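Residue numbering for the sequence shown follows UniProt numbering, beginning at 1 and increasing consecutively.
All residues carry an ideal CB built from backbone N, CA and C; glycine is no exception.
If you're wondering where the values come from, they're calculated on a predicted model, not measured in any experiment.
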Amino acid sequence: MLFRCGPQDLPGNQSTLIATAVAYCIAQFAQIGLLGAPTAAFVQAILATILLGLYAAAVLRIRKLSNRLHQTGTALFGTGSLLTLAMLPATWALLPYLESIAQAQRASDITLNSPLAALAYVIIGIWGLAVYSHIYRHALDVSIALAIGVTIGFEALVLVVFSVLG
Numbered sequence: 001m002l003f004r005c006g007p008q009d010l011p012g013n014q015s016t017l018i019a020t021a022v023a024y025c026i027a028q029f030a031q032i033g034l035l036g037a038p039t040a041a042f043v044q045a046i047l048a049t050i051l052l053g054l055y056a057a058a059v060l061r062i063r064k065l066s067n068r069l070h071q072t073g074t075a076l077f078g079t080g081s082l083l084t085l086a087m088l089p090a091t092w093a094l095l096p097y098l099e100s101i102a103q104a105q106r107a108s109d110i111t112l113n114s115p116l117a118a119l120a121y122v123i124i125g126i127w128g129l130a131v132y133s134h135i136y137r138h139a140l141d142v143s144i145a146l147a148i149g150v151t152i153g154f155e156a157l158v159l160v161v162f163s164v165l166g
């Protein structure tokens, strides 16, 4: 997460991959659960976890580097867990703002209650994109520009899937 090592420096065993995937799913559930019903949060957390694993497997397969899946998945799930946990306080602080968006009839009805929390959320989000790009750069042996594209591709996939599912 501090850009000192890559996924190749992590354990390549299946048990570590599974443990970090479970941690990622739990962290996603905690964050999504702040925003909605527990059942919906549970389904979305599982779906987000599956999507991240399938996406990583697909991009590695395209580059014929499937042998790197355990370490890459461990890196993505592990860092995703930590970043999501780091976002929890900002998400909590932004709940009134998010609720005002959901209930607003006009843009003028929306008020940002905590600009500092919004800034923290954005900073952690950008840091997360940088960390994921770093992981993909090492895992796929590509330029940082292409790794950023792969990272944004995943975010776009998640946005589309969750938009379609409602």
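Assigned with DSSP and collapsed to three states, Phe162 falls in helix.
Judged by DSSP secondary structure, Gln44 falls within the alpha helix (DSSP H) whose first and last residues are 38 to 62. Taking a contact as a CB-CB distance under 8 Å, the pair Thr84 and Met1 does not count as one, their CB atoms being some 12 Å apart. For Met87, the closest C-alpha among the options Phe154, Leu34, Lys64, Thr16 is that of Leu34.
With fewer than 16 other Cβ atoms from the protein chains shown falling within 10 Å of its own Cβ, Arg61 counts as exposed.
The continuous alpha helix (DSSP H) containing Gln14 extends over residues 14 to 35.
Collapsing the DSSP output to three states places Gln8 in a helix. Pairing Ser114 with Ser108, the inter-Cα distance amounts to about 16 Å. Here the alpha carbon of Gln71 sits roughly 30 Å from the alpha carbon of Leu165.
When DSSP states are grouped into helix, strand and coil, Met87 belongs to the helix group.
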